[in-house]
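Take a look at the structure below.
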Amino acid sequence: MLHCQSVSWSVENRQILDQVSFDLKKGEPLLILGPSGSGKTTLLSLLAGLISPSAGSVRYNDQDLSAMSRSDLDQFRGQEMGFVFQTLHLIGFLTVRQNLLLAVSLPEKDIPETKIDQTLKRLGLLELSDQKAGKLSTGEAQRLAVARAVVGSPGWIFCDEPTSALDDANAEAMINLLKNEADLCGASLIIVTHDKRVRNAFEGRACLELEKREARA
Ligand SMILES: Nc1ncnc2c1ncn2[C@@H]1O[C@H](COP(=O)(O)OP(=O)(O)OP(=O)(O)O)[C@@H](O)[C@H]1O
Ligand SMILES: [Mg+2]
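Counting from 1, position 28 in the sequence shown corresponds to residue 9 in the numbering used here; the numbering is continuous, with no gaps.
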């Protein structure tokens, strides 16, 4: 269970987030919507423990991220979280397989080769295992980004604008891939976006709307 409790975040005298609260059961999806500058990426960084709230708390079950040591937090993030970014952040000079191996070796996850192969196969990348990531097509690169996020079977998958650079067909494929992969892991899919296509695909599911707050003088 993720508890985001009265989370506020300020920077340079500007309050970006004001008392954001929600609870999310592991496995349940959450869509976070809001205009540019409303604090979507900031909220994702808070939920992942990359930054700390100015007030309030982010807890996973009984663990308050702010109370964890840096190394425990890194380990928790590596074990429990997967990320898909708008700009994919693949490592172009490594092969497809090496990108996945790196994703699981940094948090020292003991993932058998068969699991890597299964993930590559599910995402249609097995034949491209030894190709450099920098040489992939846009669609292949997106699938590798999803593979990297899910190969370690995380409990929480965070996606920052995963579809904003995509045409309709690729955006739909991306949303379906993310949903399927999250279901297979039993993970929560947490997507921040201002893309209406994602909103339509998540009709009827939990949704949090952020407002843009005016800058104070
Ligand atoms: N480290 C920082 N220093 C100063 N301002 C920051 C910092 N981080 C975020 N901000 C400001 O906080 C506001 C929210 O930023 P954030 O990136 O979370 O918005 P967003 O909703 O993700 O926007 P977009 O849809 O454009 O990605 C912006 O006005 C941004 O300039
Ligand atoms: Mg953003």
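Ideal placement from N, C-alpha and C gives every residue a C-beta, glycine not left out.
All figures in this text were calculated on a predicted structure; none of them were measured in a lab.
Notebook entry, point to check: Around the C-beta of G105, are 16 or more other C-beta atoms found within 10 angstroms, so that it is buried, or is it exposed?
Noted result: exposed
Check: Does DSSP classify T76 as helix, strand or coil?
Finding: In the structure shown, T76 falls within a strand segment according to DSSP collapsed to helix, strand and coil.
Next item on the list: Evaluate contact between the stretch 14 to 30 and the stretch 166 to 183, counting only Cβ atoms and requiring at least three cross-stretch pairs below 8 Å.
Entry: The stretch 14 to 30 makes contact with the stretch 166 to 183; the number of CB pairs closer than 8 Å reaches 3 or more.
Checklist line | Residues near ligand 2, criterion Cβ-heavy atom distance below 7 Å | finding: Listed along the chain, these residues meet the criterion: K21, T22, D141, E142, V173.
Margin query: In whole angstroms, give me the CA-to-CA distance for D98 and G73.
Written below: 20 Å
Next item on the list: Return the CA-CA distance between A198 and E(-7), expressed in angstroms with no decimal places.
Entry: Legend: pLDDT at A198 = 40, less than 50; position of this residue unreliable, value from coordinates given subsequently. A198 and E(-7): Cα-Cα distance of roughly 11 Å.
Checklist line | Sequence-distant residues of its chain with Cβ nearer than 7 Å to I156 (five each side left out) | finding: T144, V179, A182
Checklist line | Length at least 4, wholly inside the stretch 14 to 93: the alpha helix (DSSP H) runs in chain order | finding: For the stretch 14 to 93, whole alpha helix (DSSP H) runs of length 4 or above, ordered along the chain, are 21 to 28, 51 to 61, 77 to 86.
Item checked: Buried or exposed (CB count within 10 angstroms, at least 16 for buried), T23 -> buried
Next item on the list: Verify the contact flag: S33, CB atom, against every heavy atom of ligand 1, threshold strictly below 7 Å.
Entry: no
Notebook entry, point to check: Excluding five sequence neighbours on each side, which residues of the same chain lie with their C-beta closer than 8 Å to the C-beta of S(-11)?
Noted result: Around S(-11): Q(-4), L(-2), D(-1), Q0, V1, P34, S35, A36, G37.
Notebook entry, point to check: To the nearest whole angstrom, what separates the beta carbons of E162 and V131, a pair I think is in contact under 8 Å?
Noted result: 4 Å
Margin query: Below 8 Å on the Cβ atoms is my contact criterion, and I expect A168 with G8 to pass it. Report the Cβ-Cβ distance as a whole number of Å.
Written below: 7 Å
Notebook entry, point to check: Hey, how far is the Cα of L71 from the Cα of V85?
Noted result: The alpha-carbon of L71 is positioned some 14 Å away from that of V85.
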